[in-house]
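Numbered by numbering that gives the first Met the number 0, the letters in the sequence shown go through residues 0 to 408 in order.
Remarks on the structure that follows.
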Amino acid sequence: MGWRSRFLMLRRFDALPDMAMVKQLLQQLVRKTLADPSRHVDKPLVFYGAGNLGRMAKVYCDRLGIKIEAVVDQQADQHQQDPFWQDVTLLLPEDVPLQLKHSSLLAICVANAVFSHLQETLTEQGWQDVVHFYDISEAYRDKHPLSNGWFCAQLSTEEAEQISTVMEQWNDPQSRAYHLQFIAWRHLRQDWLFAGAEMQPENRYLIPEVKSVVHQQEVIADIGAHQGETSLLLLDAFNYHYKSLWIFEPDPENLSLIKSKLAKLISRDHDQVHLYGTALSNVSGMRQFFAGAGYACQLSEIGDTSLSVKTFDAFDVPVTFMKLHLEGEELNVLQGAEKTLRKHRPIVTSTAYHNRLGLYKMAAWLIKTLDNYQFFFRLHSGCGTGAVIYAIPSERYQRTNNAGVNNES
Numbered sequence: 000m001g002w003r004s005r006f007l008m009l010r011r012f013d014a015l016p017d018m019a020m021v022k023q024l025l026q027q028l029v030r031k032t033l034a035d036p037s038r039h040v041d042k043p044l045v046f047y048g049a050g051n052l053g054r055m056a057k058v059y060c061d062r063l064g065i066k067i068e069a070v071v072d073q074q075a076d077q078h079q080q081d082p083f084w085q086d087v088t089l090l091l092p093e094d095v096p097l098q099l100k101h102s103s104l105l106a107i108c109v110a111n112a113v114f115s116h117l118q119e120t121l122t123e124q125g126w127q128d129v130v131h132f133y134d135i136s137e138a139y140r141d142k143h144p145l146s147n148g149w150f151c152a153q154l155s156t157e158e159a160e161q162i163s164t165v166m167e168q169w170n171d172p173q174s175r176a177y178h179l180q181f182i183a184w185r186h187l188r189q190d191w192l193f194a195g196a197e198m199q200p201e202n203r204y205l206i207p208e209v210k211s212v213v214h215q216q217e218v219i220a221d222i223g224a225h226q227g228e229t230s231l232l233l234l235d236a237f238n239y240h241y242k243s244l245w246i247f248e249p250d251p252e253n254l255s256l257i258k259s260k261l262a263k264l265i266s267r268d269h270d271q272v273h274l275y276g277t278a279l280s281n282v283s284g285m286r287q288f289f290a291g292a293g294y295a296c297q298l299s300e301i302g303d304t305s306l307s308v309k310t311f312d313a314f315d316v317p318v319t320f321m322k323l324h325l326e327g328e329e330l331n332v333l334q335g336a337e338k339t340l341r342k343h344r345p346i347v348t349s350t351a352y353h354n355r356l357g358l359y360k361m362a363a364w365l366i367k368t369l370d371n372y373q374f375f376f377r378l379h380s381g382c383g384t385g386a387v388i389y390a391i392p393s394e395r396y397q398r399t400n401n402a403g404v405n406n407e408s
């Protein structure tokens, strides 16, 4: 069934799970517990990976005053030309001194890889202390709200029953497999790999089941737009044929970059593009906001900025396609959009990996609230991240199952 590496278990499954298998595996999870995997930096810190996650990790460490000894990357020569890394030593894997491998804490900063595979390879290369960066960030939650490394030390029988109820509503067995994989990482830091349910890093928010039903008159809401990447991704998938685009991004730095990136689009389609520097939640009021943190900007009690928060319902947007990525605020925002969801029945694509709500509560709320929808769960990156819930109105899903963008007007 699997093998144990030096640090964690990898389990392989030859088939996608039916409900009988789901219940059996959930009971196995209930019987086990996880010791706190969070890790303070107690020796020289080295990153493995200078891509997007490595960059985010550097911004994080710079903010907390954690020194980075070096960064190891297969393309170190290319990254050395990037001003972003000018104050850091970059090394090719073959150039790392043995002494550094023995004395340092190596933080894996690679999102789209099976952690246990990469950890095993690095251990065989001589690295003595290998963790994921998110286990480091989890140790500093009192100083920074980044929560991608959260863990579920205990899983109760009642929670397993609630999870099982949600699993019964997924539209395909792949969703059950991805959901189990997500839970296994969060609860036990184990990689569970199911044949037929491989990681899907290339199609976040646009899985085939979604692409086959979108049309050229979508009213798009990009909630938690970061720097506009997903807005551009969606518009490209729709061949830039759309009715309107509503962007919500409360961080001033991110919002400024959105205005720069989308300047031509905003100028050309000024009547169609609506840009708001507003934070959303389930109720209107004032909240603390953690700003200037790139991907990790979020509503947080340790935020140093106070801002006004509104509900999505307050904007009265006739949305047909809703994307949410909000660092854990997704369910609150969905609840603050309930009237709109019921009235306009949009496609909903929402990240679900930033806190315990992703175990079952977010999915359970969507399933209860959205009548006659098809629900899917996918993983688009490793280590329990990149989990996205997809909700597609049945009237769309049944009308067309052909791949690509429809020409509906």
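Glycine is no exception: its CB is placed at the ideal position from the N, C-alpha and C atoms.
Being a predicted model, the structure only gives us computed values, none of them experimental.
- Within the stretch 231-267, the complete beta strand (DSSP E) runs of at least 3 residues fall at 243-247.
- DSSP assignment within the stretch 53-93 yields the following whole beta strand (DSSP E) runs of 3 residues or more, N-terminal first: 67-71.
- Of the candidates Leu279, Val71, Leu378, Met198, Leu378 places its Cα closest to the Cα of Tyr389.
- Given a length threshold of 3 residues, each whole run of the beta strand (DSSP E) inside the stretch 337-372 is given here in chain order: 346-350.
- Residues of the same chain with a CB within less than 8 angstroms of the CB of Trp149, apart from the 5 flanking positions on each side, are Glu137, Arg185, His353, Asn354, Arg355 in chain order.
- Nearest C-alpha to Leu340 among Thr277, His225, Phe314, Leu325: Phe314.
- If you look at Leu306, you'll find it in the beta strand (DSSP E) that goes 304-309.
- In the structure shown, Val113 adopts coil according to DSSP, grouped into three states.
- For a cut-off of 8 angstroms, the C-beta gap from Gln226 to Lys260 is around 7 angstroms, short enough to register as a contact.
- Judged by DSSP in its simplified three-state form, His273 adopts strand.
- Straight-line spacing of the CA atoms in Pro345 and Gln334 works out to 14 angstroms.
- Pairing Ala49 with Leu145 gives a Cβ-Cβ distance that is not under 9 angstroms.
- Judged by beta-carbon spacing, Ala152 lies within the 9 angstroms limit of Asp35, meaning their Cβ atoms are closer than that value.
- Tyr47 carries a strand assignment under DSSP once its states are collapsed to helix, strand and coil.
- Between the alpha carbons of Gly327 and Gln73 lies a gap of roughly 32 angstroms.
- Judged by DSSP secondary structure, His131 falls within the beta strand (DSSP E) whose first and last residues are 129-131.
- Spanning the alpha carbons of Leu24 and Met198 requires a straight line of approximately 20 angstroms.
- Taking C-alpha positions only, Ser283 is separated from Ala194 by approximately 45 angstroms.
- 9 angstroms or more divides the Cβ of Leu192 from the Cβ of Arg62.
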